[in-house]
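Residue numbering for the sequence shown follows this note's numbering, beginning at 1 and increasing consecutively. I have placed the structure first, in the form of C-alpha cells, so that the comments after it can refer back to it.
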Amino acid sequence: MANRMVWNGTAYFGAGAIKNIPEEVARRGFKKALIVTDKDLIKFGVAKKVFDVLEEAGLAYAVFDSLKQNPTIKNVQDCVAAFKAAGADYMIAIGGGSSMDTAKGTGIIINNPEYADVRSLEGVAPTKHPAVPTFAVPTTAGTAAETTINYVITDEEKRRKFVCVDPHDIPQIAVVDADMMSSMPKGLAAATGMDALTHAIEGYITPGAWELSDMFSLKSIQLIADNLRAAVNDDCSQAKENMALGQYVTGMAYSNVGLGLVHGMAHPLGAFYDMPHGVANALLLPYIMEYNADYTGEKYREIARVFGVEGVDKMSPAEYRRAAVDAVRQLSKDVHIPQKLSELNVKEADLEALTESAFADVCTPGNPRKATKEDILALYKEAF
C-alpha cells in the first residue's frame with residue numbers, strides 16, 4: 001500500500017516572514033485579497049502587521065472578520081459572499097484554526113459551487129477543483145491548519161462539528177512568523193500548544209502512522225515538551241518560535257495519517273458548548289492516553305524519552321507507558337489547563353448525547369484501540 005503525503009507548495013518560517021507575502025503575490029499575478037480574520041486580531045493590532053505589509057507594497061485587499069471561534073456553516077457562506085462582493089482572486093487567512101478553516105471551506109466552494117450548502121463537504125468530498133489560492137498566516141502555535149488538508153465546521157442547527165478532508169483545500173503558501181504569535185495571551189498559548197501536542201501524539205499512535213510521519217510526530221512532541229512551558233510562562237521569543245515550528249511539523253504528519261479519539265470526543269464539546277478546541281483536546285488527552293496505552297507498542301517509551309524521563313530503556317512497558325501519561329498530564333497542569341470537564345460547565349446530563357456524537361465522529365476510527373459507545377461514555381465520566 002502506498003502512503004500519500006500532501007504538504008504546502010511553499011512555506012516561510014521565522015520572525016518577519018510576512019514580509020515575503022508581496023513577492024509571492026507578484027509571482028502569481030494576484031490582484032486583490034480577501035483577508036479572513038477575526039475582530040480581536042484587528043482590535044489588538046495583530047492583523048494590522050499584514051495590512052501594513054500589503055499597503056506598503058500597494059496591494060489591494062478587503063477584510064472579512066465575522067468569525068466564531070468554532071466556525072459555522074453560516075460563517076463559511078458569509079465569507080463566500082464577501083469574497084464575491086470584493087472581486088478578490090485570492091485569500092489571506094490570519095489567525096488560528098477558525099480563520100483558516102473558514103477560508104478553506106470558502107475557497108473550496110468558490111471553485112466547486114456544487115458544494116455551496118457546506119454540509120456536503122463533510123468527510124472526503126470528491127471535489128474536482130483546487131480551492132481559491134490562499135496564504136495562511138497563523139497567529140497561534142496549535143492547529144497547523146496552514147499545512148493540513150483538514151478543516152472543521154460547526155453545524156449549529158444540529159449541535160455537531162463535522163470534519164472535511166480534501167487535498168484541494170491546502171493553502172498554497174504558509175507563512176509561519178513568530179512575530180504574529182508574540183501577543184498571544186497565556187491561556188491561548190497553553191491551549192493551542194496542548195492542541196499541537198494532541199495532534200502529535202494522536203498522529204504518532206494512529207494505525208495509519210508510518211516511518212516518515214513518525215519522524216515528524218516525534219520531533220514535534222520533543223519541541224513542544226521542551227518549549228511550551230517557557231512559551232506560556234516566560235514570554236520567551238525563542239520558545240515561541242520553536243512552538244511555531246513544532247505545531248507546523250506535526251501538521252505535516254497528522255494531516256496525512258489521521259487522528260483519534262481525543263479529537264473525536266473534543267469535537268462535540270466544541271459544538272455543544274463552543275468550548276475552545278485546544279482546551280477540550282488538552283483536558284481529554286491524558287485520560288485517552290491511559291485508555292490507549294496497551295495498544296501503542298513501544299511508542300510511549302519514545303514519548304517518555306523526549307519528555308526527558310530518565311531510564312526508560314530499563315522500564316517495563318507498563319512503567320514507560322505510565323511515565324508518558326504522567327509527563328503529559330504534568331505539562332498540562334504546568335500550563336494551567338483545567339483537569340475536569342465539570343470545571344468548564346459541562347452538564348452531566350449531556351454526556352450521553354456527547355457520546356453519540358463522538359462515536360460518529362470521523363476521527364474516532366483512527367484510534368489505536370477501538371472504542372464502543374460504552375467506552376466513550378466511561379471516558380467522559382472519568383474526565384467529568
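Quick reminder that beta carbons are idealized off the backbone N, C-alpha and C, glycines included. On a predicted model such as this, the values are computed, not experimentally measured, just so you know.
Same chain, Cβ closer than 6 Å to residue i, neighbours up to 5 away in sequence not counted
| i | result |
| --- | --- |
| residue 177 | 17, 18 |
| residue 121 | 115, 164 |
| residue 263 | 363 |
| residue 385 | This structure gives no information on residue 385, because the portion of the chain shown stretches from 1 to 384. |
| residue 47 | 37, 41, 94 |
| residue 136 | 93, 100, 146, 171, 174 |
| residue 249 | 216, 219, 220 |
| residue 12 | 20, 175 |
| residue 28 | none |
| residue 54 | 61 |
| residue 251 | 144, 147, 148 |
| residue 227 | 239, 242, 243 |
| residue 70 | 154, 270, 274 |
| residue 386 | There is simply no residue 386 to check, as the chain begins at 1 and stops at 384 in what is shown. |
| residue 161 | 152, 154, 267, 270, 271 |
Same chain, Cβ closer than 8 Å to residue i, neighbours up to 5 away in sequence not counted
| i | result |
| --- | --- |
| residue 2 | none |
| residue 337 | 190, 191, 194, 279, 282, 283 |
| residue 296 | 205, 321, 368 |
| residue 83 | 34, 64, 91, 106, 110, 132 |
Nearest-angstrom Cβ-Cβ length linking residue i and residue j, presumed shorter than 8 Å
| i | j | result |
| --- | --- | --- |
| residue 284 | residue 383 | 6 Å |
| residue 144 | residue 240 | The pair is not a contact, with the Cβ atoms about 15 Å apart (cut-off 8 Å). |
| residue 385 | residue 130 | With the chain covering only 1 through 384, there is no way to say anything about residue 385. |
| residue 57 | residue 22 | 4 Å |
| residue 196 | residue 246 | 6 Å |
| residue 399 | residue 134 | Within the shown structure, residues of the chain are numbered from 1 to 384, placing residue 399 beyond reach of any answer. |
| residue 155 | residue 73 | 6 Å |
| residue 152 | residue 118 | The Cβ separation is near 12 Å, so there is no contact. |
| residue 183 | residue 44 | 6 Å |
Same chain, Cβ closer than 7 Å to residue i, neighbours up to 5 away in sequence not counted
| i | result |
| --- | --- |
| residue 348 | 384 |
| residue 329 | 286 |
| residue 300 | 293, 320, 321, 324 |
| residue 125 | 115, 164, 166 |
| residue 159 | 271, 272 |
| residue 214 | 204 |
| residue 306 | 218, 221, 222, 225 |
| residue 67 | 38, 75, 98, 99, 102 |
| residue 51 | none |
| residue 96 | 138, 139, 140, 142, 143, 192 |
| residue 352 | 377 |
| residue 304 | 312, 320, 323, 324, 327 |
Residue range of the alpha helix (DSSP H) that includes residue i
| i | result |
| --- | --- |
| residue 79 | 73–86 |
| residue 279 | 277–292 |
| residue 268 | 261–273 |
| residue 347 | Counting along the chain, residue 347 falls outside any alpha helix (DSSP H), and DSSP gives it neither H nor E. |
| residue 49 | 48–56 |
| residue 229 | 211–233 |
| residue 300 | 299–306 |
| residue 63 | Per DSSP, residue 63 belongs to no alpha helix (DSSP H); it is in the beta strand (DSSP E), 60–64. |
| residue 147 | Per DSSP, residue 147 belongs to no alpha helix (DSSP H) and is neither H nor E. |
| residue 26 | 21–28 |
| residue 374 | 373–383 |
| residue 194 | 186–205 |
| residue 41 | 39–43 |
Host beta strand (DSSP E) of residue i (start-end)
| i | result |
| --- | --- |
| residue 152 | 150–155 |
| residue 170 | First-last for residue 170: undefined, no H or E at that position. |
| residue 34 | 32–36 |
| residue 13 | 10–13 |
| residue 254 | That residue, residue 254, is in no beta strand (DSSP E); its alpha helix (DSSP H) goes 237–257. |
| residue 320 | That residue, residue 320, is in no beta strand (DSSP E); its alpha helix (DSSP H) goes 317–334. |
| residue 90 | 90–95 |
| residue 160 | 160–165 |
| residue 137 | 134–138 |
Practice task
Count the CB pairs spanning the stretch 251–270 and the stretch 280–293 that are closer than 8 Å, and state whether there are at least three.
Solution key: These segments touch.
Practice task
Could you tell me whether the stretch 85–93 touches the stretch 25–35, where touching means 3 or more Cβ pairs closer than 8 Å?
Solution key: The stretch 85–93 is in contact with the stretch 25–35.
Exercise for the section: Could you say if the stretch 157–175 and the stretch 4–11 meet the contact criterion of at least three C-beta pairs nearer than 8 Å? Expected result: Three or more beta-carbon pairs separated by less than 8 Å link the stretch 157–175 to the stretch 4–11, which places the two stretches in contact.
Practice task
May I ask you to verify whether the stretch 230–241 touches the stretch 204–214, counting CB pairs closer than 8 Å and requiring at least 3?
Solution key: With a cut-off of 8 Å on Cβ pairs, the stretch 230–241 is not in contact with the stretch 204–214, counting fewer than three such pairs.
Handout entry: Three CB pairs or more closer than 8 Å across the stretch 306–323 and the stretch 248–256
Key = Result no; under three Cβ-Cβ pairs closer than 8 Å.
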